[in-house]
Amino acid sequence: MNDGVNGVALTVFILFFLAVTVMGFLAARWRKAENEHSLDEWGLGGRSFGTWITWFLLGGDLYTAYTFVAVPAAIYAAGAAGFFAVPYTILVYPLIFTFLPRLWSVSHKHGYVTTSDFVRGRFGSKGLSLAVAVTGILATMPYIALQLVGIQAVLDVMGVGGGENTNWFVKDLPLLIAFGVLAAYTYSSGLRAPALIAFVKDTLIYIVIAVAIIYIPIKLGGFDDVFGAASEKYTAAKAGGLVPLEAGQWTYATLALGSALALFMYPHSITATLSSRSREVIRRNTTILPLYSLMLGLLALLGFMAIAAGVKVTNPQLAIPQLFEDMFPDWFAGVAFAAIGIGALVPAAIMSIAAANLFTRNIYKDFIKPDATPAQETKVSKLVSLLVKVGALVFVLTMDKTVAINFQLLGGIWILQTFPALVGGLFTRWFHRWALLAGWAVGMVYGTVAAYGVASPTQKHFGGSAKEIPGIGEIGYIGLTAFVLNVVVTVILTFILKAAKAPDGVDETSPEDYTADAGDPGVQVELPPATAGTSH
512 MNDGVNGVAL TVFILFFLAV TVMGFLAARW RKAENEHSLD EWGLGGRSFG TWITWFLLGG
572 DLYTAYTFVA VPAAIYAAGA AGFFAVPYTI LVYPLIFTFL PRLWSVSHKH GYVTTSDFVR
632 GRFGSKGLSL AVAVTGILAT MPYIALQLVG IQAVLDVMGV GGGENTNWFV KDLPLLIAFG
692 VLAAYTYSSG LRAPALIAFV KDTLIYIVIA VAIIYIPIKL GGFDDVFGAA SEKYTAAKAG
752 GLVPLEAGQW TYATLALGSA LALFMYPHSI TATLSSRSRE VIRRNTTILP LYSLMLGLLA
812 LLGFMAIAAG VKVTNPQLAI PQLFEDMFPD WFAGVAFAAI GIGALVPAAI MSIAAANLFT
872 RNIYKDFIKP DATPAQETKV SKLVSLLVKV GALVFVLTMD KTVAINFQLL GGIWILQTFP
932 ALVGGLFTRW FHRWALLAGW AVGMVYGTVA AYGVASPTQK HFGGSAKEIP GIGEIGYIGL
992 TAFVLNVVVT VILTFILKAA KAPDGVDETS PEDYTADAGD PGVQVELPPA TAGTSH
């Protein structure tokens, strides 16, 4: 690894960073709203984004700096098992085609800003809504932290901040500056900032991957040599070569399926979805978003290239930034680093907004100040978005990076437990609200306890997300096992509660709400007073 500062790469990185910073602040004037003091405007961009803006926003939201760094890093360290991210992104788009348009319609009709808004309105249960909100916030925090880890990896490779013995303030100053800029323009511009910057981020990523997939193999002697070097490493390490070992195939399959079910349960995915202007925009996006899966497959190949290039790093998360520095001219390495750095800013902004919206609508308004005005909601959400970023920054600066990664994996286990309430509620009201809450609790407890018992070479607890599946004996994804238990408990208790005639909550939605589009009679974007008063 280069011990000095790569001045050329750093200069290019800073120029791009300054450009997107200016864009972030100017975004407040882009599609300027008549009334800026509402969550519809600050937190959802006025629900006005068309197909391409939504596509870039969702892509910027889902394909993050962590994706750019961690997916090929998994290939570099563990072999083909790291490719699980490719099939899960292929699985997810037909899945969301079935339910996201319905969620958009009912949310647009009733002015829902978060998934918890919908759950509360559908099941008439503030308790279930609170469970979904808390889960979303908990799952999002380590995800934001990982975006900062991505920026830190790039800064480390560029030699910025000094060595391990450098004063902590000097070492972390570049990350603190990046955090400060992110916090400032998110506070002022809301969702419009990441929406505008996403154009730059995704364009840079596509350019870098297109160049890397052609240029680096040429320098390494072709793909035959690349795959040959990777196969030799995995065979020597008894890691299964270019195909996962048979013992790991259940883990691979269940992790891919569970991740596909969980991806659009994350609050930031839903925030980007609800910012679009019509249900047709959502439907079109589910058909063109798979282009990002193609990009992800090519990106994963960089892990093999890092092996063939002889990249040696103690932390696999540094493998791809180091590959870029070793193989690219300094100026283009700067472009690649900028793609990763900006790839962290966009999702971190959306995630902090989504978490803040959950707190504001489903904790502050529901339980602290039910009569909060739209202006007060917006102010609280802005402040909470800052606190969320501060929490993520403290997490990164005070804990080992592997801890951040493993807590993000734990967040995936947690967020999957909201699937029955959200997706189930979009298609049926048969599930009883108390049964859904009990199922959620069982899934959360089992998933957390099971993950706590997983050790790794660096951690005694929370060292991974795979464990033996009870009754089957195979090693599988803990989140999917917890999800199955969640559904079983929900179904059994629903039968029991309905037989006991336990009271249902009030459903404020109607069947036609789930197919309504913008401009349909009765569609509105302000939360009706009845919703704020629902309580059970």
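Just so you know, the sequence shown maps onto residues 512 to 1047 in this note's numbering. All C-beta atoms, glycine included, are put in the ideal place defined by N, C-alpha and C. Values in this document were obtained by computation on a predicted structure and should not be read as measured data.
Contact check, Trp945 vs Ala1013 under 8 Å by CB: the rounded distance?
Indeed, because the Cβ distance is near 6 Å, the residues count as touching under 8 Å.
Please state the DSSP three-state secondary structure of Tyr963.
Looking at Tyr963 - three-state DSSP - the assignment turns out to be helix.
At least three beta-carbon pairs within less than 8 Å, the region 564-573 to the region 780-788
Taking a cut-off of 8 Å for Cβ pairs, the region 564-573 and the region 780-788 touch, as three or more such pairs fall below it.
Use the C-beta contact count for Pro1040: other C-beta atoms within 10 angstroms, 16 or more gives buried, fewer gives exposed.
Summary for Pro1040: the model assigns pLDDT 39, below 50, so the residue's position carries little reliability; its value from the coordinates is reported in the next sentence. Exposed, because fewer than 16 other Cβ atoms sit within 10 Å of the Cβ of Pro1040.
Give the DSSP-derived three-state secondary structure of Asp560 in the structure shown.
Looking at the sequence provided, one finds Phe at residue 560 rather than Asp. Phe560 falls in the strand class under three-state DSSP.
Please identify the residue among Leu947, Gly958, Thr1026 whose C-alpha is closest to the C-alpha of Val1000.
Looking at the Cα atoms, Leu947 is the closest of the given residues.
Any idea what DSSP makes of Ile853, helix, strand or coil?
Looking at Ile853 - three-state DSSP - the assignment turns out to be helix.
In chain order, what are the residue ranges of uninterrupted alpha helix (DSSP H) at least 4 long that sit wholly in the region 928-980?
Taken in chain order, the complete alpha helix (DSSP H) segments of 4 or more residues contained in the region 928-980 are 930-938, 944-963.
With DSSP as the reference, identify every bridge partner of Ser787, one or two as the case may be.
According to DSSP, which records beta bridges pairwise, Ser787 is partnered with Phe560.
Given Ser1046, which residues of its chain have a CB within under 7 Å of its CB, disregarding the five upstream and five downstream residues?
With a pLDDT of only 36 at Ser1046, under the threshold of 50, the placement of this residue in the model should not be trusted; the figure read from the coordinates follows. Same-chain partners within the cutoff: Lys637.
Look at Ala820 and Leu731 and say whether their C-beta atoms are less than 9 Å apart.
Going by beta carbons, Ala820 and Leu731 fall inside the 9 Å limit.
So which of Glu979, Glu552, Lys876 has the shortest CA-CA distance to Ile864?
Of the candidates Glu979, Glu552, Lys876, the one whose C-alpha sits nearest the C-alpha of Ile864 is Glu552.
Where do the N-terminal and C-terminal ends of the beta strand (DSSP E) with Tyr717 fall, by residue?
Element bounds for Tyr717: not the beta strand (DSSP E) but the alpha helix (DSSP H), 703-731.
Cβ-based burial, Thr929 [other Cβ within 10 Å; buried from 16]:
Buried, because 16 or more other Cβ atoms sit within 10 Å of the Cβ of Thr929.
Chain-order list of residues whose beta-carbon lies under 7 Å from that of Val519 (same chain, five-residue window excluded)
The residues are Asp841, Trp842, Gly845.
Candidates Ile853, Leu611, Ile799, Pro685: which alpha carbon is nearest Val580's?
Taking only the C-alpha atoms, the option nearest Val580 is Ile853.
Could you compute how far the alpha carbon of His779 sits from the alpha carbon of Ala859?
Straight through space, the alpha carbons of Ala859 and His779 are spaced by roughly 9 Å.
Inter-residue spacing [alpha-carbon to alpha-carbon] between Glu757 and Arg633
If I take the Cα positions, the gap works out to 44 Å.
Use the C-beta contact count for Thr1020: other C-beta atoms within 10 angstroms, 16 or more gives buried, fewer gives exposed.
Buried, since its Cβ has 16 or more Cβ neighbours within 10 Å.
Do Ser742 and Ala539 have their C-beta atoms within less than 9 Å of each other?
No; because the gap between Cβ atoms is not below 9 Å, this pair is not in contact.
Give every residue of the same chain whose Cβ lies closer than 6 Å to the Cβ of Ala588, excluding the five residues on either side of it in the sequence, and list them in chain order.
The beta carbon of Ala588 sits closer than 6 Å to those of Pro827, all from its chain and outside the five residues before and after it, given in chain order.
The beta strand (DSSP E) with Tyr988 in it runs from where to where?
The continuous beta strand (DSSP E) containing Tyr988 extends over residues 986-988.
Who are the near neighbours of Asn796 in its chain, counting only those whose CB is closer than 8 Å to its CB and skipping five residues on each side?
Closer than 8 Å at Cβ, skipping near neighbours: Thr562, Thr565, Trp566, Leu569, Ser787.
Burial state of Met910 (16 or more Cβ within 10 Å)
Exposed: under 16 other Cβ atoms inside 10 Å.
Residue closest to Lys876, alpha-carbon to alpha-carbon, out of Ala866, Glu888, Ile718:
Closest in C-alpha terms to Lys876, from the list Ala866, Glu888, Ile718, comes Glu888.
Distance, Cα to Cα, Met816 vs Ile727?
When rounded, the distance between both Cα atoms is 7 Å.
Buried versus exposed call for Lys620 [16 or more other C-beta atoms within 10 Å across all chains shown]:
Lys620 is buried by the Cβ-count criterion.
With a threshold of 6 Å on Cβ separation, who are the neighbours of Thr992 within its own chain once the five nearest residues in sequence on each side are excluded?
The answer, listed in chain order, is Ile980.
Go through the region 562-624 residue by residue and report every complete run of the beta strand (DSSP E) that reaches 3 residues or more, in order.
Secondary structure within the region 562-624: not one fully enclosed beta strand (DSSP E) run of 3 or more consecutive residues is present.
With a 10 Å radius around its C-beta and 16 neighbouring C-beta atoms as the bar for buried, classify Leu526 as buried or exposed.
Counting Cβ neighbours within 10 Å, Leu526 comes out exposed, since fewer than 16 surround it.
Ala962 burial status per 10 Å Cβ neighbour count (16 or more: buried)
Flag for Ala962 reads buried.
How should Pro705 be labelled, buried or exposed, when 16 other C-beta atoms within 10 angstroms of its C-beta is the threshold for buried?
Label assigned to Pro705: buried.
Report the rounded CA-to-CA distance for Ala656 versus Met776, giving the unit in angstroms.
Computed Cα separation, rounded: 19 Å.
Runs of alpha helix (DSSP H) wholly within the region 839-927 (minimum 4 residues, chain order):
List check, alpha helix (DSSP H) in window: 841-870, 885-909, 912-927.
Can you give me the Cβ contacts of Tyr717 inside the same chain, cut-off strictly under 7 Å, excluding the 5 residues immediately before and after it?
Met806.
C-beta atoms of Phe973 and Val895 nearer than 9 Å
With contacts defined by Cβ atoms closer than 9 Å, Phe973 and Val895 do not form a contacting pair.
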